[in-house]
Amino acid sequence: MNILIFQKRFKNYHAVQKNEDGFFEKKSAERKEDFISGRIALDRCLKKYAKERLIRMEVDILCKQREKPRLVFSGKTKNSQHGKIDFNISHSHGNSICFLCEKRMAGADLEKIRFFNNNLINGFLNEREKKLVNRKKRIRKKQITIFWSLKEAYLKAIGVGLKRNPREIGIYKLYSKKYLIKDGTVFVKSRIESGIFLKKFVWVTIKIQ
Amino acid sequence: MESDQFEKMAKDLIFRITKIVPEKISLDDKIEDLCLDSIQIFELIMEFEKHIEKKLKYEDICTIETVGDIINKMKEEK
Numbered sequence: 005m006n007i008l009i010f011q012k013r014f015k016n017y018h019a020v021q022k023n024e025d026g027f028f029e030k031k032s033a034e035r036k037e038d039f040i041s042g043r044i045a046l047d048r049c050l051k052k053y054a055k056e057r058l059i060r061m062e063v064d065i066l067c068k069q070r071e072k073p074r075l076v077f078s079g080k081t082k083n084s085q086h087g088k089i090d091f092n093i094s095h096s097h098g099n100s101i102c103f104l105c106e107k108r109m110a111g112a113d114l115e116k117i118r119f120f121n122n123n124l125i126n127g128f129l130n131e132r133e134k135k136l137v138n139r140k141k142r143i144r145k146k147q148i149t150i151f152w153s154l155k156e157a158y159l160k161a162i163g164v165g166l167k168r169n170p171r172e173i174g175i176y177k178l179y180s181k182k183y184l185i186k187d188g189t190v191f192v193k194s195r196i197e198s199g200i201f202l203k204k205f206v207w208v209t210i211k212i213q
Numbered sequence: 297m298e299s300d301q302f303e304k305m306a307k308d309l310i311f312r313i314t315k316i317v318p319e320k321i322s323l324d325d326k327i328e329d330l331c332l333d334s335i336q337i338f339e340l341i342m343e344f345e346k347h348i349e350k351k352l353k354y355e356d357i358c359t360i361e362t363v364g365d366i367i368n369k370m371k372e373e374k
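Quick note, the sequences are listed as chains W and U, same order. Taking the numbering used here, I'd label the letters of the first sequence as residues 5 to 213. Taking the numbering used here, I'd label the letters of the second sequence as residues 297 to 374.
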């Protein structure tokens with residue numbers, strides 16, 4: 005089962021203060037919005053999952069430094085056999101998406117469609133990928149953002165994020181909206197979905213088989 | 297080169313990418329909190345690599361979380 009939740013910017017975040025050992029308090033105003041929006045999205049995801057599976061869930065989020073956050077069952081559901089659940093949150097300008105899936109590694113990325121300068125493009129796209137991108141300005145911006153999101157979602161799914169250079173990950177386009185990912189010399193068996201949110205953001209989710 | 301100069305260089309670098317004025321940046325600030333999104337973080341890494349004239353490895357990037365870490369890395373490389 006896969007669940008994807010979109011959460012719009014939560015403007016009145018002052019009403020929803022959360023202090024997790026000062027983690028929240030130290031963040032900038034923009035990051036607080038991102039954080040709240042991301043947590044609301046995750047909460048909605050988990051509630052939907054529990055409803056679909058007809059179970060009662062008690063979960064905590066385990067955040068170890070330099071590791072991908074993961075869900076840990078607690079309380080009465082501690083020894084549950086519901087299966088492993090992986091999730092990933094991405095936020096951009098206060099909006100967020102949360103992607104949750106069972107028994108597979110999950111990655112998600114949400115990015116505002118924007119202009120990329122040549123330096124940045126050369127930093128994360130190889131020559132083959134640059135040729136795949138349309139030359140028309142409006143389409144080009146969207147496509148480059150999608151390429152970025154595909155690589156970022158994959159790197160988040162495997163738990164390394166930007167510590168690895170996105171250039172090491174290859175994107176192959178089969179046809180419209182159908183992509184393949186290559187890590188080094190290996191094609192990654194994965195299910196990729198993508199789309200546009202609020203007409204301004206690109207979203208990508210990846211489930212690694 | 298003195299510590300203040302490294303701090304100024306690091307804050308100027310961050311300002312170029314994030315447009316956050318150096319006066320508002322402290323050494324404890326996390327890079328991911330200063331940057332709007334992952335693309336800005338990547339831009340910052342690229343600018344930093346250009347500045348120290350060296351490609352950062354996975355192990356190096358793992359150690360850079362705060363502004364203070366950037367300054368320490370600059371001191372190491374210079």
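We put the CB at the ideal spot given by N, CA and C, even for glycine.
Interface partners of Glu339(U) on chain W, CB under 7 angstroms: Leu124
Cβ neighbours of Ser194(W) in the same chain (closer than 7 angstroms, five flanking residues each side left out): In chain order, Ile185, Ile210, Lys211, Ile212, Gln213 place their CB closer than 7 angstroms to the CB of Ser194(W), counting only its own chain and leaving out the 5 sequence neighbours on each side.
Taking all protein chains shown into account, decide if Gly42(W) is buried (16 or more other Cβ within 10 angstroms of its Cβ) or exposed. buried
Interface residues of chain W around Leu309(U) at Cβ under 8 angstroms? Under the 8 angstroms cutoff, chain W gives no residues; its nearest Cβ is about 14 angstroms from Leu309(U).
Let me check understanding here. Comparing Cα to Cα, which of Gln301(U), Leu309(U), Val363(U), Phe302(U) lies closest to Met342(U)? Leu309(U)
Do the CB positions of Ser153(W) and Val192(W) come within less than 7 angstroms of each other? no
Quick one: what does DSSP say Thr209(W) is sitting in, helix, strand or coil? In the three-state reduction of the DSSP assignment, Thr209(W) falls in the strand class, which pools E and B.
Step through the CB atoms of chain W and report whether any lies within less than 7 angstroms of the CB of Ile321(U). no
Please list the residues of the region 350 to 366 of chain U that have a C-beta atom closer than 7 angstroms to any C-beta atom in chain W, keeping them in chain order. Flagged, chain order: Tyr354, Ile357, Cys358.
Note down the Cα distance separating Phe379(U) from Ala33(W), rounded to an integer number of angstroms. Since the first and last residues shown for chain U are 297 and 374, residue 379(U) lies out of range.
On the DSSP bridge list, what partners appear for Glu133(W)? Answer by DSSP bridge pairing: none, since Glu133(W) is not bridged.
Quick check on Ser334(U): does DSSP put it in helix, strand or coil? helix
Taking Cβ positions only, does Gly42(W) come closer than 7 angstroms to chain U? No Cβ of chain U is located within less than 7 angstroms of the beta carbon of Gly42(W).
Can you name the residues of chain U whose CB is closer than 8 angstroms to the CB of Arg144(W)? Going along chain U, no residue has its Cβ under 8 angstroms from Arg144(W), so there is no contact; the nearest lies around 16 angstroms.
Are the Cβ atoms of Asp113(W) and Ser94(W) separated by less than 7 angstroms? yes
Could you check where the beta strand (DSSP E) with Leu75(W) kicks off and where it finishes? 74 to 77
Spatially closest choice to Tyr158(W) from Leu202(W), Tyr183(W), Arg57(W), Ile200(W), by CA coordinates: The shortest C-alpha separation from Tyr158(W) is found at Tyr183(W).
Would you mind working out which of Arg312(U), Glu355(U), Ile316(U), Thr359(U) sits nearest Glu339(U), comparing C-alpha positions? Arg312(U)
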